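Participant:
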Amino acid sequence: MLALVLIAQVAWAADGWGSKFTGGGSRMSLLDRKELQDIKAEAAAETAAKAPPKYEYASVANCGTNTPDSTNPDDLCTAAALYCAGNTAEQGLGPSVRLFRRAIAPTGRATGPWVQYGITCFPEDAPGARPTVTMAMVIAAFHDTAFAKPTLEVQPKGNVTLVTLPTYFETRWPRAGFEPGEIDQVDPARTAGFRVEIRPKAKTITYAYGDGTSSGPTTSLGGPYPEGDITKAYPRTGDFTVRADATYTGQFRVNGGEWIDIPGDVTIQGTPEALHVKTAKARLVTH
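Quick note on my numbering: the sequence shown kicks off at 1 and runs consecutively.
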């Protein structure tokens with residue numbers, strides 16, 4: 001019992017560990033990579049000295065009331081990702097996991113229950129961690145997604161317009177690539193064998209008009225005459241290259257679980273279109 005009491009005291013101590021608050025307002029130790037490595041080194045030293053280990057370690061997704069005895073302890077949730085949101089790689093990208101250990105006898109038999117001793121944003125470095133999906137894996141797969149390159153539908157038709165005439169632009173998604181809402185299946189070899197899906201979302205569109213001006217970033221996909229809200233009236237004649245650039249965010253899920261936001265975004269340059277701006281000339285015609 002004394003050993004378990006000491007473990008519980010360590011779990012709630014914040015001195016030298018840093019801390020965040022759990023949903024119930026209790027303080028739980030937040031362990032960084034160095035502290036996790038020290039725990040592993042201590043366990044390795046015991047093994048090297050042929051001393052019986054004192055603890056058995058485990059980690060679970062920082063979701064709900066997960067413990068190592070839960071039915072699906074590795075199922076991810078938004079809360080686990082949000083806990084590490086905004087972190088740099090040095091601070092740990094997550095998703096966060098809860099760290100548990102329990103005392104064991106020299107025979108290897110557990111002598112007490114699992115006790116949580118901390119939380120970390122370094123799931124891959126947690127003592128006793130099983131293979132898991134990390135945010136670093138997800139971000140890398142997201143940036144390698146074959147996003148759809150937006151194209152432009154222009155009115156007047158034929159990509160020929162007149163000086164001072166409002167020209168209407170509309171973003172279209174081609175068949176090639178993954179457009180907003182479509183789901184990309186990530187190669188499990190990249191995600192520790194787990195089935196990870198990525199769903200792109202359109203964050204903004206920027207319309208480049210080819211004359212040094214642009215519209216956006218905006219959430220509008222534009223539209224045809226007369227209801228379209230992305231228009232440009234060119235003040236001079238000329239040939240211009242126009243395009244729509246899309247900035248994507250995304251979500252991911254693991255093994256069909258809940259969708260979780262992916263930090264960051266990706267900007268994809270759209271397919272350029274040639275637009276010809278001409279002058280209309282009045283001409284007398286005899287009947």
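For every residue, glycine included, the Cβ atom is placed at its ideal position computed from N, Cα and C.
Quick caveat: nothing in here was measured; it's all calculated off a predicted structure.
Assuming Thr-132 and Phe-100 form a contact by the criterion Cβ under 8 angstroms, report the distance between their Cβ atoms to the nearest whole angstrom.
Facilitator: Taking the sequence shown and counting its residues from 1, one reaches residue 132 at position 132. Taking the sequence shown and counting its residues from 1, one reaches residue 100 at position 100. About 15 angstroms; that fails the 8 angstroms criterion.
Participant: Mapping DSSP to helix, strand and coil, what is Gln-185?
Facilitator: Translated into positions along the sequence shown, residue 185 becomes position 185. Reduced to three states, the DSSP call for Gln-185 is strand.
Participant: Starting from the C-beta of Gly-18, find all residues in its chain whose C-beta is less than 8 angstroms away, skip the five residues before and the five after it, and write them out in chain order.
Facilitator: Here residue 18 is taken as the residue at index 18 of the sequence shown, counted from 1. Summary for Gly-18: the model assigns pLDDT 35, below 50, so the residue's position carries little reliability, and this model does not support an answer.
Participant: What does DSSP give as the partner residues of Ile-262 in its beta bridges?
Facilitator: Along the sequence shown, read from residue 1 onward, the residue named residue 262 stands at position 262. Note: Ile-262 sits in a beta bridge opposite Gly-250.
Participant: Tell me which same chain residues have a C-beta within less than 8 angstroms of the C-beta of Cys-63, skipping the five on either side of it?
Facilitator: For the purposes of this step, residue 63 is identified with residue 63 of the sequence shown, where counting begins at 1. Hits under 8 angstroms: Asp-75, Leu-76, Cys-77, Ala-79, Ala-80.
Participant: Alpha carbon to alpha carbon, how far is Pro-73 from Ala-58?
Facilitator: Mapped onto the sequence shown, residue 73 falls at position 73. Mapped onto the sequence shown, residue 58 falls at position 58. Roughly 10 angstroms separates the two Cα atoms.
Participant: Quickly, what does DSSP pair Ile-205 with across the bridge? List them, please.
Facilitator: Here the question's residue 205 lines up with position 205 in the sequence shown. In DSSP, Ile-205 forms a bridge with Thr-218, Ala-246.
Participant: Indicate whether at least one CB of chain D lies closer than 9 angstroms to the CB of Pro-272.
Facilitator: The structure shown contains no chain D; it is built from a single protein chain.
Participant: Considering only the alpha carbon of each residue, which of Thr-120, Glu-273, Gly-228, Tyr-55 lies closest to Pro-166?
Facilitator: The residue you call residue 166 lines up with position 166 of the sequence shown. It is Gly-228 whose Cα lies nearest to the Cα of Pro-166.
Participant: Could you please give the first and the last residue of the uninterrupted alpha helix (DSSP H) stretch that includes Ile-46?
Facilitator: Indexing the sequence shown from 1 puts residue 46 at position 46. Per the sequence shown, residue 46 should be read as Glu rather than Ile. It spans 33-48 - the alpha helix (DSSP H) in which Glu-46 sits, taken as one unbroken run.
Participant: So the beta strand (DSSP E) Leu-82 belongs to, where does it begin and stop?
Facilitator: Translated into positions along the sequence shown, residue 82 becomes position 82. Not the beta strand (DSSP E): Leu-82 falls in the alpha helix (DSSP H), residues 78-82.
Participant: Using a 10 Å radius around the Cβ and a threshold of 16 neighbouring Cβ atoms, would you call Ile-183 buried or exposed?
Facilitator: Counting from one through the sequence shown, the residue named residue 183 turns up at place 183. Exposed, because fewer than 16 other Cβ atoms sit within 10 Å of the Cβ of Ile-183.
Participant: If you measure between the beta carbons of Phe-147 and Ala-244, is that distance less than 9 angstroms?
Facilitator: Numbered from its first residue, the sequence shown carries residue 147 at position 147. Numbered from its first residue, the sequence shown carries residue 244 at position 244. Contact flag unset, no.
Participant: For a test of the three-state rule: what should DSSP assign to Lys-125, helix, strand or coil?
Facilitator: Locating residue 125 in the sequence shown gives position 125, where the first residue counts as 1. Rather than Lys, the amino acid found at residue 125 in this sequence is Asp. Of the three classes helix, strand and coil, the one that applies to Asp-125 here is helix, per DSSP.
Participant: In this structure, what does DSSP give as the bridge partners for Asp-239?
Facilitator: Along the sequence shown, read from residue 1 onward, the residue named residue 239 stands at position 239. Beta-bridge pairing links Asp-239 to His-276.
Participant: By DSSP, does Lys-157 sit in helix, in strand, or in coil?
Facilitator: Residue 157 sits at position 157 when you count from the first residue of the sequence shown. If DSSP states are grouped into helix, strand and coil, Lys-157 belongs with the helices.
Participant: Whole angstroms are fine: how far does the CA of Ala-61 sit from the CA of Ile-104?
Facilitator: Working through the sequence shown from its first residue, we reach residue 104 at position 104. Working through the sequence shown from its first residue, we reach residue 61 at position 61. Near 23 angstroms, if we compare the C-alpha coordinates of Ala-61 and Ile-104.
Participant: Are the stretch 134-148 and the stretch 256-271 touching by the rule of at least three beta carbon pairs closer than 8 angstroms?
Facilitator: yes
Participant: Tell me whether Val-97 sits in a helix, a strand or coil according to DSSP, three-state version.
Facilitator: On the sequence shown, residue 97 is found 97 positions in, with the first residue counted as 1. In the structure shown, the three-state DSSP call for Val-97 is strand.
Participant: Going by C-alpha distance, which of Asn-255, Ala-176, Arg-236 is nearest Lys-278?
Facilitator: Reading the sequence shown from its first residue, position 278 is the one you call residue 278. It is Arg-236 whose Cα lies nearest to the Cα of Lys-278.
Participant: Please classify Ala-280 as buried or exposed, where buried requires at least 16 other C-beta atoms within 10 Å of its C-beta.
Facilitator: On the sequence shown, residue 280 is found 280 positions in, with the first residue counted as 1. Label assigned to Ala-280: exposed.
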